[in-house]
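A short write-up of the structure that comes next.
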Amino acid sequence: MRPSSLLFLYLIFFHGFSPLVESSYLDYADALSKSILFFEGQRSGFLPQDQRIGWRGNSGLSDGWMYNTDLTGGYYDAGDNVKFGFPMAFTTTMLAWSVIEFGDLMPPNELRNALVAIRWATDYLLKTVSQPNRIFVQIGCVASLTRSFLTQSMLPLKVGDPNIDHSCWERPEDMDTARSVYAVDAPNPASDVAGETAAALAASSMAFRSVDPGYADTLLRNAVQVFQFADHFRGAYSDNAHIRDGACPFYCDFSGYQDELLWGAAWLRRASQDNSYLSYLENNGKTLGADDNINEFGWDNKHAGLNVLVSKEVLDGNMYTLESYKASADSFMCTLIPDSSSSHIEYTPGGLIYKPGGSNLQHATTISFILLVYAKYLDRTSQTVNCGNEFVSPVLLRMQAKKQVDYILGENPMGLSYMVGYSNYFPQRIHHRGSSLPSVKDHPEFIACKDGSIYFNSTNPNPNVLIGAIVGGPGEDDVYGDDRADFRKSEPTTYINAPFVGALAYFAANPNPS
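If you use mature numbering (1 follows the signal peptide of the UniProt record, and there is no 0), the sequence shown corresponds to residues -23 to -1, 1 to 491, in order.
Have a look at this one:
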């Protein structure tokens, strides 16, 4: 019997994995639909009548009251009830980029659903930058944050105190923890969050350009303004003393704010075609670290995505002043090719891209996406990547992406889909408050902060299936234990799903890439 077969039996008898959904794990169209649906389970605010995840209810309806500002809406980042602006903006950028590159491959109804998912975020992001020289960066409570800080003038970055929220196991509909508002005001810096917000709004303006040009104009206009804030008052938002305890260690800026400035400028250049942003990329690349060749792409570090994005201008228009960005993009692609002489990206024995630190599938989904995007850019100009000992074609890049996508959907040593509600076997005990507690529809009585602990500690499967959620994924040994307490492996996040939407859109239309 194969090891994967033994693992199947282990999953069934000891972890309760069951075939709740009948589907081939290579049904990319089904996976695409579910990957978008997931975002409805993460919604904060007043839910619309066409809400498809029925076990969710309204939540966070008083967000922003401390500032006499409406900060309702947006997404909870993961399995908690906090709205972190930094990862939410990155999620939005990636959803928009997915539509920009592969929206024409989506079925019309799924393209509509993707745009709805983007707008749920952008409507909220517009609220966070609605006041001059201020950005709201987080909504949700931090235990060590004193009330005196909340009276100071700052730029909104986040809603919710993560330390207090994380000490509760409570449905978002029942939240009774402090909904602290974290804001940054000029001249205090928030270049990272503001730069990513500018990128999100600019990219989203492109996604909406053909269907709602008026809204697209609003998004682009606000992107320009928030980028000016980011660039003029340079520094990391988590360097502000009144922000640090709330943002860290959850979403500190670990890699520096410089990449977000270049990332925001790159998206503004693409969305507006304004030459001033081209000059910004040309003149600030070296000083802001564009040549650092950091082989990572995610909510904190934009380098690999930035280089791929800017490379389009080099490939399409022979913009040689930006050649260093393309050289870095080529270098990154070579690190992903196992046979390349420059390869140094780590893979699990089963073939999954692996980086230490938890929530590993965020790396697999973002990298899969930019592999496909770069292949598209190269294909358009009939180019390859010179990796020293071999020339890598767009087809090979797509095949590398497909291996990651297929692994996530079930072609792995566990025989397990890491997308909830998809295929025959998927995680049953994800680290997610709303999914693991009884629905307000089934249990309308209030469940207090500590009263949810019995559900957290339960070995039963979650009562509410968060369809489409992609969990953090297995460890470096390809093993996944389906343990609700092991949040590094079992917690889904919006920024794991967002780039996967684009990758699935491509493979749904091209299941056998060439």
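Every residue gets a Cβ at the ideal spot worked out from N, C-alpha and C, and that includes glycine. Please read these numbers as outputs of a predicted model, since none were measured by experiment.
Item	Value
Cutoff 6 Å; reference S(-1); Cβ partners in own chain excluding five residues on either side	Note on S(-1): pLDDT 37, under 50, position unreliable in the model; no value is reported.
Y53 (DSSP reduced to helix, strand or coil)	coil
Rounded straight-line distance, which links the Cα of I314 to that of E17	36 Å
Euclidean distance between Cα positions of F15 and V478	11 Å
Best match in T49, D459, S394 and V350 for proximity to N434 [C-alpha to C-alpha]	D459
Residues bridged to S63 (per DSSP)	Correcting the residue type first, residue 63 is Phe in the shown sequence and not Ser. Paired residue(s): none; F63 is not in a bridge.
Which of helix, strand or coil DSSP assigns to A267	helix
Endpoints, the alpha helix (DSSP H) within which I330 is located	Run containing I330: none; DSSP gives neither H nor E here.
Buried or exposed by the 16-neighbour rule on C-beta atoms within 10 Å, applied to G294	exposed
DSSP-derived helix/strand/coil call for G191	helix
Expected contact under 8 Å - CB spacing of D54 and T471 to nearest Å	6 Å
Alpha carbon of A242 to alpha carbon of A175, nearest angstrom	8 Å
Host alpha helix (DSSP H) of R221 (start-end)	A218 to A224
Beta-carbon proximity of Y228 to F61, cut-off 9 Å	yes
Outcome for Q405 when other beta-carbon atoms lying within 10 angstroms are tallied against a minimum of 16	buried
Alpha carbon of D151 to alpha carbon of C311, nearest angstrom	49 Å
Candidates Q235, D236, G172 and A160, of which the one nearest A218 by Cα	A160
Paired residues, beta bridge with R20 - DSSP	Y52
For Y(-14), three-class secondary structure by DSSP	Because Y(-14) sits at a pLDDT of 44, beneath the cut-off of 50, its placement in the model cannot be relied upon, and the point is left open.
Member of D463, D40, W42 and G22 whose CA lies at the smallest distance from the CA of G34	G22
Alpha carbon of P149 to alpha carbon of C426, nearest angstrom	11 Å
For N363, the residue or residues it bridges with in DSSP	F368
W32 vs V362 beta-carbon contact at 9 Å	no
Straight-line Cα distance separating G233 from D208	14 Å
Per DSSP, the bridge partner or partners of S36	G22
Local conformation of T396 per DSSP, three classes	For the sequence presented, residue 396 should be read as Met rather than Thr. Strand at M396.
C-beta atoms of L349 and A480 nearer than 9 Å	yes
Residue(s) in a DSSP beta bridge with Y324	I330
Alpha carbon of residue 545 to alpha carbon of R20, nearest angstrom	With the chain represented from -23 up to 491, any question about residue 545 goes unanswered, as that position is not in the structure.
Cβ-based neighbour list, D169, same chain, cut-off 7 Å, excluding 5 preceding and 5 following	F63, A213, Y214, D230, Y234 and E237
P490 versus S107: straight-line alpha-carbon distance, rounded	44 Å
Buried or exposed (CB count within 10 angstroms, at least 16 for buried), P476	buried
Endpoints, alpha helix (DSSP H) assigned at T105	P85 to T105
Exposed unless 16 or more other CB atoms sit within 10 angstroms - verdict on D307	buried
Local Cβ density within 10 Å of N278, reported as buried at 16 or more and exposed below that	buried
Status (buried if at least 16 other CB within 10 Å, exposed otherwise) for R111	buried
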